[in-house]
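Q: First to last, the sequence lines map onto chains A and B. Going by the UniProt record's numbering, the first residue of the first sequence is number 1, and it counts up by one from there. Going by the UniProt record's numbering, the first residue of the second sequence is number 1, and it counts up by one from there.
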Amino acid sequence: MRRNVYDDDHEVFRQAVREFVRREVLPHVDDWAVDKGLPRSFWLAAGRQGLLGLEIPAGYGGSEAGDFRFNAVLMEELAAVNMALPSCVGIHADIVPPYLVHLASPEVRSEWLPRLSTGEAVAAMAMTEPGAGSDLGAVATSAVPDGDHYRINGSKTFITNGHTADLIVVAARTTPDAGPKGLTLFAVPADTPGFGRGRKLDKVGQPESDTAELFFEDVRVPKSYMIGELDRGFMHMMTWLPQERLSAAVTNLAHARQMVDETLRYATERTAFGRPVGAFQANKFLFADIVTRLDVTQAYVDQCVLAHTRGELTPVDAAKAKWWTAQVQNEVLDHCLQLHGGAGYMNEYRIARAWRDARVTRIWAGSNEIMKEIIGRDLGL
Amino acid sequence: MREFLAAELPADWRGVGALDAEAADAFAERWRVTLFEHGFLAPSWPSEYGGAGLTPLEQVVLAEEFARVGVPTGIQNDVFSIVMIGNTLLHWGTEEQKQHFLPRILSGEDRWCQGYSEPGAGSDLAGLSTRAELDGDEWIINGQKIWTSSGHLANWIFVLARTDPDAPAHSGISLLLVPMDQPGVEVRPIRNMSGDSDFNEVFFTDARCPRENVVGEVNGGWKVAMTLLGYERGEAAATLPIMFRTELDRLFALARENGAAEDPVLRDRLADAYVGVEVMRFLGMSSLARFLEGHPPGPDAAVSKLYWSEYHQKVTELALDVLDVESLVVQGRRPTNVTMFQTDDVGAPNDSASWITTAMISRSGTIYAGTSEIQKTIIGEKLLGLPK
Ligand SMILES: Cc1cc2nc3c(=O)[nH]c(=O)nc-3n(C[C@H](O)[C@H](O)[C@H](O)COP(=O)(O)OP(=O)(O)OC[C@H]3O[C@@H](n4cnc5c(N)ncnc54)[C@H](O)[C@@H]3O)c2cc1C
Ligand SMILES: Cc1cc2nc3c(=O)[nH]c(=O)nc-3n(C[C@H](O)[C@H](O)[C@H](O)COP(=O)(O)OP(=O)(O)OC[C@H]3O[C@@H](n4cnc5c(N)ncnc54)[C@H](O)[C@@H]3O)c2cc1C
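1. Checking 8 angstroms against the spacing of the C-beta atoms, do Tyr6 (chain A) and Arg48 (chain A) come in under that value?
2. For my contact list, Thr130 (chain B) and Asn200 (chain B) are in at a C-beta cut-off of 8 angstroms; report their separation, rounded to the angstrom.
3. What is the rounded straight-line gap between the Cα of Asn77 (chain B) and the Cα of Asp177 (chain A)?
4. If Glu77 (chain A) and Val122 (chain A) are in contact, beta carbons under 8 angstroms, what's the gap, nearest whole angstrom?
5. Let me check understanding here. Comparing Cα to Cα, which of B:Val69, B:Val159, B:Tyr368, B:His152 lies closest to Leu5 (chain B)?
6. With 9 angstroms as the C-beta to C-beta threshold (strictly closer), list the residues of the stretch 351-364 of chain A near chain B in chain order.
7. Who are the Cβ neighbours of Glu64 (chain B) in its own chain at under 8 angstroms, not counting the five residues just before and after it?
8. For Ala126 (chain A) versus Thr184 (chain A), is the C-beta distance shorter than 8 angstroms?
9. Mind listing which residues of the UniProt domain "Acyl-CoA oxidase/dehydrogenase middle" (124-219) of chain A have their C-beta closer than 7 angstroms to chain B's C-betas, in chain order?
10. Could you compute how far the alpha carbon of Ser44 (chain B) sits from the alpha carbon of Met371 (chain A)?
11. By a C-beta neighbour count over all protein chains shown, 10 Å radius and 16 as the cutoff for buried, is Ala253 (chain B) buried or exposed?
12. Any beta carbon of chain B sitting closer than 8 angstroms to that of Asn347 (chain A)?
13. Suppose the cutoff is 8 angstroms on Cβ atoms and the five residues either side in sequence are ignored; what does the same chain contact list for Glu129 (chain A) look like?
14. Tell me which same chain residues have a C-beta within less than 8 angstroms of the C-beta of Asn350 (chain B), skipping the five on either side of it?
15. Specify the secondary structure class of Phe40 (chain B) as computed by DSSP and reduced to three states.
16. Check whether the stretch 10-30 of chain B touches the stretch 53-60 of chain B, taking contact to mean three or more Cβ pairs, one atom from each stretch, closer than 8 angstroms.
17. Quick check: Met346 (chain A) and Gln206 (chain A), are their CB atoms within less than 8 angstroms of each other?
18. Hey, could you find the ends of the alpha helix (DSSP H) residue 391 (chain A) is sitting in?
19. Taking 7 angstroms as the cut-off, is the beta-carbon of residue 385 (chain A) closer than that to any non-hydrogen atom of ligand 2?
20. Is Thr263 (chain A) helix, strand or coil by DSSP?
21. Residues of the stretch 305-334 of chain B in Cβ contact with chain A at a cutoff of 9 angstroms, in chain order, please.
22. Is it right to say Val214 (chain B) is buried, meaning 16 or more other beta carbons lie within 10 angstroms of its own, or is it exposed?
23. Could you tell me whether the stretch 157-164 of chain B touches the stretch 98-114 of chain B, where touching means 3 or more Cβ pairs closer than 8 angstroms?
24. Mind the definition here: the stretch 97-109 of chain A touches the stretch 229-241 of chain A only if three or more C-beta pairs lie below 8 angstroms; say whether that holds.
25. Under a three-way DSSP split, which group does Gly234 (chain B) fall into?
26. Does DSSP put Ile378 (chain B) in a helix, in a strand, or in coil?
27. If you draw a straight line from the C-alpha of Arg3 (chain A) to the C-alpha of Pro315 (chain A), how long is it?
28. What distance in whole Å lies between the Cβ atoms of Glu8 (chain B) and Thr34 (chain B), which are believed to be in contact at a cut-off of 8 angstroms?
29. Suppose the cutoff is 6 angstroms on Cβ atoms and the five residues either side in sequence are ignored; what does the same chain contact list for Leu116 (chain A) look like?
30. Since Ala192 (chain B) meets chain A, which of its residues come closer than 9 angstroms, beta carbon to beta carbon?
31. Checking 8 angstroms against the spacing of the C-beta atoms, do Thr361 (chain A) and Ala248 (chain A) come in under that value?
32. Nearest chain A C-beta to Gly143 (chain B) closer than 8 angstroms, yes or no?
33. Suppose the cutoff is 8 angstroms on Cβ atoms and the five residues either side in sequence are ignored; what does the same chain contact list for Val330 (chain B) look like?
34. Gly90 (chain A) versus chain B: which residues are under 9 angstroms apart at the beta carbon?
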């Protein structure tokens with residue numbers, strides 16, 4: 001089905017991203033899986049190409065267009081490679097910068113935004129803790145005033161870009177026993193004494209991303225490194241979560257679409273009993289079912305992208321897009337794996353890795369259950 | 001059997017899963033010897049070939065008791081050696097073949113793997129293109145097999161090869177017994193999704209085996225191959241429900257410990273899984289009843305294969321949801337290879353590594369030993385008599 005969301009400017013940008021992927025990503029991406037992380041050379045190349053500054057004003061070296069559709073195009077093209085790339089780049093370029101641009105002090109903005117847009121510095125977002133995932137109100141990492149600084153103590157886990165990040169946006173507790181109302185955001189430079197990183201976590205999928213544990217032991221950050229207002233960290237996060245969830249939805253769907261295209265090719269070339277395996281009616285109907293689901297889902301996600309571009313996307317509609325695309329993606333990839341037969345179970349085939357990569361999309365950035373909770377609450381239940 | 005197990009197992013035995021990977025491997029080696037000495041390694045085989053000559057009902061009792069206490073099975077390629085080729089030789093082999101091969105399987109001298117699938121022939125097995133030609137007293141074999149489980153641990157491979165290229169697909173195939181320790185056989189490992197490389201490609205370049213190493217008739221291998229697949233698909237009716245029930249009990253324990261059991265949606269699915277495993281038990285009992293009446297495993301094995309493989313994917317998926325964010329990171333004891341391809345070892349700790357790895361392994365269940373699509377085709381054609 002023809003999509004009507006993107007115009008010529010976006011398609012030109014899409015071609016530029018594709019060219020970047022072809023030149024700077026595809027030749028190395030298998031090595032990154034072995035090394036379990038993206039090298040700095042990748043970030044610098046992405047910065048040179050102008051891919052990291054979509055949320056950063058020109059005054060800070062970015063290319064902010066005020067048009068989320070460019071972000072969406074970037075996510076779609078990276079998702080065609082794997083899930084780790086849009087995740088790592090998304091955190092760095094799509095999720096962290098708005099907090100700095102809209103809420104941070106001039107000092108933090110001028111110190112960090114230019115380096116984030118060139119890729120000289122990599123950003124991470126640290127909310128989750130061993131004891132606080134879906135329930136962010138349980139965050140225990142504390143930030144206590146100490147002269148003109150805050151002193152941060154605690155630990156974070158499952159942090160994307162955690163092993164390489166130079167700047168980490170941290171949610172910490174500034175008022176004890178106040179649940180979500182006692183959280184504040186801080187920008188923490190990774191070279192601050194007392195900051196430490198744990199091991200790279202051994203994940204089910206996405207080996208190209210360096211998910212890590214982070215430790216804070218009397219980490220002192222200047223008060224000017226507080227982001228937004230004291231004790232309003234949760235509110236700030238709620239403001240920007242819809243964009244994160246919409247990006248997740250765009251990524252989920254683009255990843256599934258790419259793998260379906262590749263599976264279709266496989267099922268056309270692979271023969272059994274004298275026919276392409278896709279030609280058996282059971283499989284032909286399965287494909288028909290899959291592409292229908294993708295197209296119908298795409299229509300909804302595209303509407304959300306347009307709404308967000310106009311600043312009208314509601315948190316509830318973003319929640320719907322996030323859980324539904326995660327579900328569709330997981331179901332569709334499972335069919336794709338099955339259609340590959342034994343090859344589908346072997347890591348040297350892209351579908352095996354894609355299947356493992358996708359398992360997390362029903363959990364991260366707000367699990368499917370939490371999304372349904374948001375939607376259910378909105379129904380007055 | 002209970003007396004035997006009480007006498008042979010340590011007093012504090014909680015299942016092989018309670019041992020760490022190295023200790024589990026060491027135990028498995030010792031346990032195989034114990035079984036061998038008591039004739040329980042191949043309980044169904046006649047005693048003249050080193051078995052225990054048990055009746056079908058006795059075999060079921062033994063299998064149940066072993067599954068209940070969680071001792072390892074399928075050690076050292078025994079699934080291929082004993083269950084598949086051993087049983088097939090008993091059915092089709094010449095007296096010389098039985099005398100020669102069966103004792104060597106039990107002693108552990110010969111360890112087998114299965115050379116069926118090829119890059120171009122999986123579901124459509126009869127489309128295989130590995131060739132074997134007679135050259136005097138020897139077969140000369142050329143071609144390639146793939147997805148050969150445990151091939152790197154084996155020294156013999158049973159190979160389906162085309163011996164009459166001009167005959168219709170099903171009529172020109174023979175089952176050959178081929179030693180792997182020869183220059184013409186090369187094994188290359190493949191890494192699978194759960195991170196292990198139990199799989200291999202096996203290349204044959206002018207590989208040789210003696211002329212008499214054919215099971216059944218020359219060009220009559222298709223029938224033999226199907227008997228063997230029956231053993232691959234059929235034997236588990238009694239033990240699978242026990243394994244899966246033990247596994248589900250572990251999941252219940254996990255859900256209670258981490259609070260997931262309080263979540264009404266997860267409770268629903270836990271109850272559903274319980275129903276699933278109970279239905280499997282009754283299905284197993286009815287297959288068993290037919291087996292005890294002397295019927296060989298037939299097309300109804302397709303129902304059982306389809307059912308347990310899909311059940312297991314659902315239940316391990318549920319386990320990941322019970323683990324919630326813990327399911328993202330592999331932590332703890334990984335399942336060993338002593339209980340291949342199904343549940344984790346009995347007594348294994350309730351770690352994320354256990355469930356994540358089991359979930360990945362369960363993903364292959366609807367592919368190997370005949371994909372779900374092929375099982376449904378068998379059910380449609382053979383059980384329902386729908387037109388082909
Ligand atoms: C209330 C009603 C009003 C109607 N009004 C009109 C009318 O005004 N004028 C008119 O001309 N007709 C009319 N029809 C007929 C209608 O168009 C046919 O019933 C329809 O095309 C199906 O054909 P069939 O009944 O011969 O079913 P069949 O073609 O016999 O189909 C039987 C089943 O087989 C399936 N099937 C068929 N081919 C395949 C395939 N290749 N692969 C997989 N599955 C397949 C079908 O999906 C169906 O489930 C009407 C039917 C109804 C029920
Ligand atoms: C864990 C594991 C262990 C294995 N161990 C061994 C081993 O030790 N030895 C060995 O020889 N092999 C082994 N195999 C291979 C296994 O038997 C094959 O992968 C399986 O038979 C499927 O064949 P294929 O991979 O060629 O898939 P294909 O036959 O190419 O199938 C691709 C897809 O098409 C579908 N399809 C095929 N025909 C039809 C049809 N008529 N109608 C509808 N759909 C159809 C299939 O269901 C599948 O979804 C193993 C595989 C796995 C995953």
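Note that the Cβ used here is the ideal one computed from N, Cα and C, for glycine as well. Owing to the predicted nature of the structure, the values given are computational and were not obtained by experimental measurement.
A: With the structure as the only source:
1. If you number the first sequence from 1, residue 6 (chain A) lands on position 6. If you number the first sequence from 1, residue 48 (chain A) lands on position 48. Going by C-beta atoms, Tyr6 (chain A) is not nearer than 8 angstroms to Arg48 (chain A).
2. Mapped onto the second sequence, residue 130 (chain B) falls at position 130. Mapped onto the second sequence, residue 200 (chain B) falls at position 200. No, Thr130 (chain B) and Asn200 (chain B) are not in contact; Cβ-Cβ is about 15 angstroms, not under 8 angstroms.
3. The residue you call residue 77 (chain B) lines up with position 77 of the second sequence. The residue you call residue 177 (chain A) lines up with position 177 of the first sequence. Answer to the nearest angstrom: the Cα atoms are 58 angstroms apart.
4. By one-based count along the first sequence, residue 77 (chain A) stands at place 77. By one-based count along the first sequence, residue 122 (chain A) stands at place 122. So it is not a contact: roughly 20 angstroms between Cβ atoms.
5. In the second sequence, residue 5 (chain B) corresponds to position 5, counting from 1. If we check each option's Cα against that of Leu5 (chain B), B:Val69 comes out closest.
6. Ala352, Arg353, Trp355, Arg356, Arg359, Val360, Arg362, Ile363, Trp364
7. For the purposes of this step, residue 64 (chain B) is taken as residue 64 along the second sequence, with counting starting at 1. Taken in chain order, the residues that qualify are Ala238, Thr239, Ile242.
8. For the purposes of this step, residue 126 (chain A) is taken as the residue at position 126 of the first sequence. For the purposes of this step, residue 184 (chain A) is taken as the residue at position 184 of the first sequence. No; because the gap between Cβ atoms is not below 8 angstroms, this pair is not in contact.
9. Gly133, Phe158, Leu201, Asp202, Lys203, Val204
10. Taking the first residue of the second sequence as 1, we reach residue 44 (chain B) at position 44. Taking the first residue of the first sequence as 1, we reach residue 371 (chain A) at position 371. Computed Cα separation, rounded: 55 angstroms.
11. For the purposes of this step, residue 253 (chain B) is identified with residue 253 of the second sequence, where counting begins at 1. That one is exposed.
12. Locating residue 347 (chain A) in the first sequence gives position 347, where the first residue counts as 1. True, the Cβ-Cβ gap to chain B drops below 8 angstroms.
13. Within the first sequence, numbered from 1, the residue matching residue 129 (chain A) stands at position 129. Correct list, in chain order: Ala138, Val139, Ala140, Thr141, Gly154, Ser155, Lys156, Thr157.
14. As a first step, residue 350 (chain B) is located in the second sequence; it is residue number 350 there, counting from the start. Excluding residues within five positions, the ones whose Cβ falls inside 8 angstroms are Arg250, Ala253, Leu254, Glu257.
15. Within the second sequence, residue 40 (chain B) is the residue found at index 40, counting from 1. In this structure, Phe40 (chain B) counts as coil in the three-state DSSP scheme.
16. no
17. Counting from one through the first sequence, the residue named residue 346 (chain A) turns up at place 346. Counting from one through the first sequence, the residue named residue 206 (chain A) turns up at place 206. No, these two residues do not count as a Cβ contact at 8 angstroms.
18. Nothing about residue 391 (chain A) can be read from this structure; chain A reaches only from 1 to 381.
19. Outside the modelled stretch of chain A, which goes from 1 to 381, sits residue 385 (chain A), for which no answer is possible.
20. Counting from one through the first sequence, the residue named residue 263 (chain A) turns up at place 263. Correct three-state label for Thr263 (chain A): helix.
21. Gln313, Leu320, Asp321, Asp324, Val325, Ser327, Leu328, Val329, Val330, Gln331
22. Translated into the one-based positions of the second sequence, residue 214 (chain B) becomes position 214. Looking at its Cβ environment, which holds 16 or more other Cβ atoms inside 10 Å, Val214 (chain B) is buried.
23. yes
24. yes
25. Within the second sequence, numbered from 1, the residue matching residue 234 (chain B) stands at position 234. Note on Gly234 (chain B): pLDDT 49, under 50, position unreliable in the model; the coordinate value appears next. The answer is helix: DSSP assigns Gly234 (chain B) an H, G or I state.
26. Position 378 of the second sequence, counted from the first residue, corresponds to residue 378 (chain B). Note: Ile378 (chain B) maps to helix in three-state DSSP.
27. Start at 1 with the first residue of the first sequence, and residue 3 (chain A) comes out as number 3. Start at 1 with the first residue of the first sequence, and residue 315 (chain A) comes out as number 315. Cα-Cα distance, rounded: 24 angstroms.
28. Numbered from 1 along the second sequence, position 34 holds the residue referred to as residue 34 (chain B). Numbered from 1 along the second sequence, position 8 holds the residue referred to as residue 8 (chain B). Going by Cβ atoms, the distance from Thr34 (chain B) to Glu8 (chain B) rounds to 5 angstroms, so yes, they are a contact pair.
29. In the first sequence, counting from the first residue as 1, residue 116 (chain A) sits at position 116. Around Leu116 (chain A): Ala123.
30. To locate residue 192 (chain B), count along the second sequence from 1; it is residue 192. In the sequence as displayed, the identity of residue 192 (chain B) is Asn instead of Ala. Those within 9 angstroms of Asn192 (chain B) in chain A are Tyr345, Met346, Asn347, Ala352.
31. Here residue 361 (chain A) refers to the residue found at position 361 of the first sequence. Here residue 248 (chain A) refers to the residue found at position 248 of the first sequence. Contact: yes.
32. Counted from its first residue, the second sequence places residue 143 (chain B) at position 143. Chain A contact via Cβ: absent.
33. As a working note, residue 330 (chain B) is residue 330 in the second sequence. Result list for Val330 (chain B): Ser352, Ala353, Ile356, Thr357, in chain order.
34. Along the first sequence, one-based indexing puts residue 90 (chain A) at 90. Chain B residues near Gly90 (chain A): none, gap ~17 angstroms exceeds 9 angstroms.
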